[in-house]
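Student: Below are the structure tokens for one structure; questions will follow.
Residue numbers (the working numbering): 1187 to 2054.
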């Protein structure tokens, strides 16, 4: 007899039902135990372990024949109470009931046992091991013709309850069916029902594989075939590659049903494929998740699905995943191109993985994707297995069986050769380095005449562009230059301390403050503990601050009261403490020089800007950077920006908040960074749809309307503003430096073609770790408003340089070094007389000569390789 199952946890009465039927003499004790059970049950939602211990206490006071019914009642209550903790405890209570039956040799009520197992299975609370135990018990207890349907109902209900079927479920069904004399067709139907009920669970690959063999012999009906397409596992990544599931779809006829149009997966064929690719792109591992290849069976199914995919015309995204990471699968993308499956175009900068498969030629031959893939392959020098091969650097050598590679490499080589002859000098040198890497023996053999193209390159081209566009040595800030010279040159400047618009340069024995108009003041420094001090000009006096013994806040004094020692930090004046502190090298305020106001305590400075009436501070609220107005009452609670940014970045763009800038210029300043209404600054926006994982598109707009679009890899530094070079009118996009030196340098790229024109060092030697000493030393970029031509006559002379003069300068340097080059300069380009400008000319001519020599060496190597 099966007892009626309750519908709520407080209605569980299994113990009294059993006692009333089988042991009326124990009915009173059953009621008492049941009341205790009900008292403890609500607490199981919070502490399920305590509930199980409480039931153990109840069990100790009961005769053994009551124990299975007590624990089964507890299991029912836990299931009906619900919640993760209760569903964790319910199978443990069920197991205690079975253990009590076994340990005390109690007779089992077959109908109750079957119904109880089915009750837990439907709730998803029956472990797989209990299914096997149930099969062993039911086949030993019931007649075979009754055991098989009971087992089939149990495993199907368990799957419908959200529990993944065990890998050995088919074996249990098959053995039980064989004992009952049931044929393979019925077992196949039961297995199909089981899989249909398993939607949303992680069906083991072994069960898929076994089912494929069964369905190959006994195909399921169309109603099951449609459901088989929906057997996606839960979660955002998987533990296998999905190949076994695809095997089931093929063997069962589900693929053929889709091909014939009899079945359409939910969301269409394209929707199914997109979901499969996104889910199976990453697999779990001991270290988190890792990218994995699509299963080989997918590439067998894809050609058959291609007609329907083309008809639906919903482009496939081949890089994104359910877990949030992205991996551009080259093998999948190539297969889709080969079979005409519509695909979304991956953005620039997104790297390919799994560069292999029989269709790579279609990918290399694609007009957009082919060049991207070739650049990546040639950059990393890895073949389809991700391995380095000795002597192989180009895609031609790394993929010898893909003829479509050769024209792609040839086009890239021609483009690189063009850049060597026409880009800015730093860019030309970088392109030559890439070209040397691309031209390995295989590429040389495949590209006839490449040495002649390289031999035709003239290093005079980049040199001419540098001389006519403007050299950084032509620009100067007289007061700053004089202070640097007074302190012993760039290496004598130990700190640069901003209190904008004043810049204080600190040497070993003296600090000099300068602004746009000239020298503001100077201060002799006495040796003291704490090393080189931070010195700032604030109003009419200097604040001099030394670090403490641990490198943290120390002590300070005002220049007009040198005998009064101030303790920095603690309960002292927070404004003094902030001005006394030099921010880290990661600070935007230090790199730009825009230290406009003292920052309140516990506020991490991420930048400052001003419209002349107020100051805004950039800071982090959570993970995002935003701007907040600063007043005498402190930092505002709500984010805001000056009116210059009121229009917003526009659709498809978002403020690059760390790069926004605005400042009111001192009277009489004509800034090369532009100005309007006394203000100068830039709106910098980044595209919301990033072109690649590590790159961005930027839009930079100045207050005077100057504008630049910029596409850069993120490692190459954030854009800051647009400088119009005095005298030449060439517009240069100013960015932070690149790579590990980005906080030490400022780079200037030509707005017209994004090629690097020149770069300068903007931090003093004390804070410089990576930058070369041969680059010009400039103030922080916020002080570039005060830059002008050092000598207009010398600059005008350089603007008149022609190609013949540039050739003569390169030839002179190659034959006689800098001295001869400067002699030719005086002869062919008279009027370049300023010493710093001449030093700049010597620097770029040396770079052009090195470029010419590099081209000559490359030509010689190519000719030698071709000669054998």
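Just so you know, even glycine gets a beta-carbon here, dropped at the ideal spot from N, CA and C.
Model, not experiment: these values are computed from the prediction.
So, are the CB atoms of residue 1904 and residue 1945 less than 8 Å apart?
Tutor: The answer is no: Cβ separation not under 8 Å.
Student: Mind reading off the beta-carbon distance from residue 1746 to residue 1727? Whole number of angstroms is fine, and I expect it under 8 Å.
Tutor: Contact holds; Cβ gap of about 5 Å.
Student: In angstroms, rounded to a whole number, what distance separates the CA positions of residue 1546 and residue 2039?
Tutor: About 37 Å.
Student: Write down the C-beta distance between residue 1977 and residue 2023 rounded to the nearest angstrom, noting that I regard them as a contact closer than 8 Å.
Tutor: With 8 Å as the limit, residue 1977 and residue 2023 qualify as a contact, their Cβ atoms being about 6 Å apart.
Student: With distances taken from CA atoms, which of 1393, 1984, 1529, 2006 is nearest residue 2019?
Tutor: Closest option to residue 2019, Cα to Cα, is 1984.
Student: Just list the alpha helix (DSSP H) runs in the region 1503–1581, keeping only unbroken ones of 4 residues or longer that don't cross its boundaries, in chain order.
Tutor: DSSP runs (the alpha helix (DSSP H)) wholly in the region 1503–1581: 1516–1524, 1546–1550, 1555–1566.
Student: Output the distance between the C-alpha atoms of residue 1337 and residue 1439, rounded to the nearest integer angstrom.
Tutor: Cα to Cα, residue 1337 sits roughly 27 Å from residue 1439.
Student: Got a sec? Which residues, its chain only, sit under 7 Å from residue 1821 by beta carbon, not counting five neighbours each side?
Tutor: Excluding residues within five positions, the ones whose Cβ falls inside 7 Å are 1786, 1789, 1803, 1814.
Student: I believe residue 1509 touches residue 1475 by the beta-carbon criterion, under 8 Å. Please report the beta-carbon distance rounded to the nearest angstrom.
Tutor: Contact flag correct, Cβ pair sits at about 6 Å.
Student: Would you give the residue range spanned by the alpha helix (DSSP H) that residue 1324 belongs to?
Tutor: 1314–1327 is the extent of the alpha helix (DSSP H) around residue 1324.
Student: From this set, 1446, 1399, 1464, 1374, which residue's C-alpha is nearest residue 1418's C-alpha?
Tutor: With distances taken between Cα atoms, residue 1418 lies closest to 1464.
Student: Leaving out five residues before and five after residue 1792 in sequence, what residues of the same chain have Cβ atoms less than 7 Å from its Cβ?
Tutor: Once the five neighbours on either side are set aside, the close Cβ partners of residue 1792 are 1774, 1804, 1805, 1806, 1811, 1844.
Student: Is the beta carbon of residue 1258 within less than 7 Å of some heavy atom of the ligand MG?
Tutor: As far as ligands go, the structure on display features none, and thus does not contain the ligand MG.
Student: Is it true that the CB of residue 1869 sits closer than 8 Å to the CB of residue 1887?
Tutor: Result yes, Cβ atoms of residue 1887 and residue 1869 sit closer than 8 Å.
Student: What is the DSSP secondary structure of residue 1202, counted as helix, strand or coil?
Tutor: Of the three classes helix, strand and coil, the one that applies to residue 1202 here is helix, per DSSP.
Student: Roughly how many angstroms lie between the CA atoms of residue 1926 and residue 1819, to the nearest whole one?
Tutor: With a pLDDT of 48 at residue 1926, under the threshold of 50, the modelled position of that residue is not reliable, and the figure given next carries that caveat. About 39 Å.
Student: Tell me which same chain residues have a C-beta within less than 8 Å of the C-beta of residue 1561, skipping the five on either side of it?
Tutor: Result list for residue 1561: 1598, in chain order.
Student: Report, in whole angstroms, the separation of the C-beta atoms of residue 1292 and residue 1254, which I expect to be a contact under 8 Å.
Tutor: Going by Cβ atoms, the distance from residue 1292 to residue 1254 rounds to 6 Å, so yes, they are a contact pair.
Student: To test your reading of the DSSP string, which unbroken alpha helix (DSSP H) runs of 4 or more residues are found completely within the region 1248–1284?
Tutor: List check, alpha helix (DSSP H) in window: 1253–1267.
Student: By the DSSP assignment, the alpha helix (DSSP H) with residue 1630 in it spans what residues?
Tutor: Here the alpha helix (DSSP H) through residue 1630 covers 1627–1632.
Student: Rounding to the nearest angstrom, what Cα-Cα distance links residue 1743 and residue 1761 in this structure?
Tutor: Looking at the two C-alpha atoms, the distance is approximately 13 Å.
Student: Give the list of continuous beta strand (DSSP E) stretches no shorter than 3 residues that lie fully inside the region 1811–1890.
Tutor: Counting whole runs of 3 or more residues, the region 1811–1890 contains the beta strand (DSSP E) stretches 1839–1841, 1847–1850, 1865–1873, 1881–1888.
Student: With DSSP as the reference, label residue 1450 as helix, strand or coil.
Tutor: Reduced to three states, the DSSP call for residue 1450 is coil.
Student: Does the pairing of the region 1248–1263 with the region 1193–1208 give three or more beta-carbon distances under 8 Å?
Tutor: Yes, the region 1248–1263 is in contact with the region 1193–1208.
Student: Hey, residue 1706 and residue 1966 are a contact pair by Cβ (cut 8 Å); roughly how many whole angstroms apart?
Tutor: Wrong, their Cβ atoms sit about 17 Å apart, outside the cutoff.
Student: Mind listing, in chain order, the continuous alpha helix (DSSP H) runs of no fewer than 4 residues lying wholly within the region 1597–1630?
Tutor: Here the runs fully enclosed are 1611–1624.
Student: Does the distance from the C-beta atom of residue 1801 to that of residue 1783 stay below 8 Å?
Tutor: Yes, Cβ-Cβ distance for residue 1801 and residue 1783 is below 8 Å.
Student: In three-state terms, what does DSSP make of residue 1438?
Tutor: Helix.
Student: Would you call the CB atoms of residue 1248 and residue 1237 closer than 8 Å?
Tutor: It is not a contact, given that the beta carbons lie outside the stated cut-off.
Student: Tell me the DSSP secondary structure of residue 1702 in three-state form.
Tutor: Residue state, collapsed to three classes: coil.
Student: If you reduce the DSSP assignment to three classes, tell me which class residue 1433 lands in.
Tutor: In the structure shown, residue 1433 sits in a helix (DSSP, three-state: H, G or I).
Student: With residue 1993 and residue 1609 assumed to form a contact (beta carbons below 8 Å), what rounded beta-carbon distance in angstroms separates them?
Tutor: At roughly 18 Å, the Cβ-Cβ gap does not stay under 8 Å, so residue 1993 and residue 1609 are not in contact.
Student: Quick test of the definition: if touching needs 3 or more C-beta pairs under 8 Å, does the region 1330–1346 touch the region 1360–1368?
Tutor: Touching, yes.
Student: Once you ignore the five residues that flank residue 1190 on each side, which residues in its own chain have a CB closer than 8 Å to its CB?
Tutor: Cβ neighbours of residue 1190 beyond the five flanking positions: 1203.
Student: Pull up the distance between the alpha-carbon of residue 1893 and that of residue 1731, whole angstroms please.
Tutor: Taking the straight line from one Cα to the other gives about 41 Å.
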